[in-house]
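Residue numbers (our numbering): 1 to 845.
This report concerns only the one structure given below.
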């Protein structure tokens with residue numbers, strides 16, 4: 001890199017008579033700190049990271065792209081400095097030129113060295129910096145590696161620093177598939193024949209005019225038939241969904257046990273329903289009050305995500321000095337407004353449920369499936385928006401951790417229960433400390449100087465009548481006391497709203513029962529009064545008439561053991577695993593499997609005498625499977641209708657095992673919408689002569705080609721010898737379009753690389769190749785469900801994996817039915833969050 005002219009190397013390598021790239025001139029942007037990333041499909045696909053400094057763009061070619069996972073270090077090869085005029089470039093560079101290929105503007109924003117550092121640290125071999133981009137955010141570090149003998153290029157490592165923007169795996173590269181400039185995919189940019197702009201001999205004003213022409217063309221490309229994802233969604237989104245009653249949790253005295261339950265932190269804040277459609281956002285309280293204006297920072301954060309119409313349930317919190325969610329801190333933030341809030345107590349939103357998405361009512365789905373869809377919907381969300389973590393089973397450990405940390409408690413949810421807008425036992429709460437809501441009915445004067453009152457009188461509604469519940473005299477700050485005193489002055493009453501004994505009523509100024517307080521306390525005394533109460537704050541989101549006592553009920557019973565007969569019958573003779581073990585596996589793995597297998601027509605592989613004996617497919621049932629296995633009538637090709645099987649819960653899975661089932665294969669559509677496919681599967685089936693490395697390479701290539709056309713995809717080890725590439729899709733297209741797309745995609749790959757791929761079932765044509773089985777994407781065809789056992793030696797199972805994990809597997813059957821606990825544990829990682837779900841329409845190719 002020339003110290004005199006940092007652009008000399010850039011200009012030397014390019015023939016500006018052929019390329020559309022701008023010639024290099026030193027300059028400075030308005031801010032002086034531009035940050036861009038360009039996805040560049042040249043000799044090999046990479047991401048060019050560029051940081052403005054010293055009038056140029058300092059540049060690194062990052063192989064595999066930037067990862068927000070601090071554990072993943074990415075090779076970043078230092079390249080020549082680029083001119084600032086290159087910062088908005090998107091298009092194709094002619095083949096044969098240096099850097100020839102397709103270029104997408106993948107991210108843009110600003111950057112800055114961390115405090116005490118400088119861009120000049122690049123010369124020292126390290127750069128610690130922050131970025132604020134549309135995709136990359138937070139702290140990052142670049143470190144130069146010691147060169148090996150004879151090595152000419154500068155090899156660096158790019159790594160994310162562990163901060164609030166860190167995330168496991170590769171969500172940025174895997175899900176950010178379109179341009180931040182035009183919304184186009186790599187394939188669309190490459191196919192844009194009208195995007196060529198010759199710069200031959202153009203300088204000064206002529207060059208600037210050509211750049212303006214290029215910008216105008218890209219602006220037009222963004223408004224065309226294939227507009228950016230943001231524009232396309234806005235055109236179709238409509239209005240934010242309406243408010244609907246919230247599901248409430250029942251207070252219980254202990255944590256429910258078993259894998260039937262998923263457990264989340266109980267946040268100490270305001271329950272809120274967020275209705276979104278692009279830039280339109282509304283915030284509802286749990287009682288349907290519109291509090292959008294109160295939570296402006298959250299509204300802005302949701303608007304920036306540009307989500308399809310959706311309705312999200314969650315909790316708004318602020319953090320106290322100890323870092324825990326604090327209701328008192330939230331009250332303080334709301335009182336003083338958002339302009340003065342500090343780092344410790346800024347607002348954040350923890351989403352835990354998804355009621356509607358893209359016009360689809362999701363309330364009928366199970367809790368765990370709604371949570372998975374929520375994870376996928378908010379995959380790109382950054383703080384202050386979070387998806388609440390959960391654990392399956394092990395609720396006692398989470399409860400103990402929360403109590404030890406001084407938090408409020410946990411919420412337990414039955415994994416297969418639908419969302420109901422009322423209080424149910426499919427959501428239960430277990431609190432670390434007792435805290436309830438009370439109506440303030442009066443106050444007692446204080447003898448202490450500067451204190452407007454000594455205590456407040458509390459009441460709750462019992463049987464339609466306000467009942468006195470004692471006093472609270474601690475927990476107040478000077479500010480909260482002053483605020484309460486001002487409110488009391490407007491609510492004074494001559495008579496008590498509840499009957500209070502004479503001794504307790506002495507010296508009381510009575511109030512109209514309008515204000516609701518949240519109070520922590522040790523216990524209720526024998527006469528029903530609070531003991532050792534402490535005031536936490538006022539609740540403006542709940543009317544006084546709705547304040548009733550909460551009395552802990554017994555926790556729901558643990559899930560019953562899998563009830564099957566002949567539990568000792570050996571189903572897998574090679575490994576000795578039994579029918580009982582298989583039933584226990586499905587009962588345990590149900591939380592992970594049901595989001596994919598529930599409410600979907602299924603075909604069963606039944607092996608009543610074990611896998612080594614006669615096995616057969618079954619998709620119809622006359623009723624012998626029992627009440628937990630359901631039926632949906634589906635019209636056949638001949639015009640008649642047949643009842644197909646489907647299940648909704650863990651007992652349904654186990655009932656199928658009772659009837660000899662080993663494998664579950666599902667349609668690409670739901671049982672309540674059989675003509676609307678929502679799941680595409682490419683099954684990579686290798687010829688006998690190929691090894692698993694060939695399959696892994698093929699799967700990754702298919703993933704990359706799908707990314708090029710804007711589709712996120714997921715990998716699943718089949719439990720046999722292949723890999724499934726799973727593409728979730730929004731409904732709205734026909735089975736004919738579904739089949740046609742998958743067929744043409746597979747055929748295009750086989751024509752592009754006929755030595756590797758084949759798209760026909762012909763045995764003769766599959767010699768030494770990988771069959772891309774697209775036939776599973778026809779109406780009535782099925783594919784093995786994630787986490788299904790396989791009727792193969794060793795009782796293997798089909799397992800979802802992250803793309804980064806694929807290279808580490810030696811074969812497609814690393815897990816068996818004996819690994820249920822391990823599979824549940826690994827599914828808690830961020831890399832698999834939202835696996836198999838995405839809101840993406842079927843593109844035209």
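The C-beta atom is built at its ideal place from N, Cα and C for all residues, glycine as well.
Have a look at the DSSP bridge pairing and note the partners of residue i.
i           : result
residue 493 : 510
residue 519 : 436, 535
residue 113 : 129
residue 603 : 665
residue 577 : 572
residue 354 : 312
residue 457 : 442, 471
Apart from the five residues just before and just after residue i, which ones in its own chain have a Cβ nearer than 8 Å to its Cβ?
i           : result
residue 507 : 444, 445
residue 770 : 684, 685, 686, 687, 690, 694, 695, 698, 756, 757, 758
residue 510 : 441, 442, 492, 493, 494, 495, 496, 497
residue 344 : In this prediction, residue 344 scores a pLDDT of 38, lower than 50, which makes its location untrustworthy; the coordinate-derived value is nonetheless stated afterwards. So the list reads 319, 320, 321, 323, 329, once near-sequence residues are dropped.
residue 565 : 658
residue 839 : 308, 357, 358, 376, 377, 730
residue 172 : 65, 66, 67, 68, 135, 136
Give the straight-line distance between the Cα atoms of residue i and residue j, rounded to the nearest whole angstrom.
i           : j           : result
residue 543 : residue 429 : 21 Å
residue 64  : residue 621 : 49 Å
residue 653 : residue 633 : 20 Å
residue 583 : residue 358 : 36 Å
residue 190 : residue 167 : 31 Å
residue 354 : residue 835 : 16 Å
residue 456 : residue 447 : 14 Å
residue 586 : residue 462 : 45 Å
residue 100 : residue 79  : 15 Å
residue 609 : residue 571 : 7 Å
residue 761 : residue 83  : 52 Å
residue 589 : residue 108 : 42 Å
residue 449 : residue 431 : 36 Å
residue 408 : residue 266 : 6 Å
residue 575 : residue 640 : 43 Å
residue 569 : residue 662 : 13 Å
residue 22  : residue 112 : Per-residue confidence for residue 22 stands at a pLDDT of 45, beneath the threshold of 50, marking its modelled position as unreliable; the derived number appears in the next sentence. C-alpha separation (whole angstroms): 25 Å.
So, are the CB atoms of residue i and residue j less than 7 Å apart?
i           : j           : result
residue 466 : residue 497 : yes
residue 373 : residue 837 : yes
residue 795 : residue 716 : no
residue 301 : residue 385 : yes
residue 142 : residue 158 : yes
residue 437 : residue 547 : yes
residue 665 : residue 578 : no
residue 591 : residue 415 : yes
residue 162 : residue 70  : yes
residue 469 : residue 458 : yes
residue 552 : residue 740 : no
Looking only at its own chain, which residues have a Cβ that is under 6 Å from the Cβ of residue i, when we skip the five neighbours before and after it?
i           : result
residue 291 : 283, 285
residue 813 : 719, 796
residue 248 : 423
residue 549 : 460
residue 127 : 121, 142
residue 827 : 592
My output table needs one value for residue i: the three-state DSSP class, helix, strand or coil.
i           : result
residue 52  : strand
residue 557 : coil
residue 615 : coil
residue 808 : helix
residue 428 : strand
residue 716 : strand
residue 462 : strand
residue 564 : coil
residue 72  : coil
residue 743 : helix
Among residues of its own chain, excluding the 5 on either side of residue i, which ones have a beta-carbon nearer than 7 Å to its beta-carbon?
i           : result
residue 636 : 642
residue 326 : 268, 318, 319, 320
residue 294 : 334
residue 104 : 38, 39, 90, 179, 186, 189
Compare the C-beta of residue i with all C-beta atoms of chain D and state if any pair is closer than 7 Å.
i           : result
residue 663 : No chain D appears in this structure, which consists of one protein chain only.
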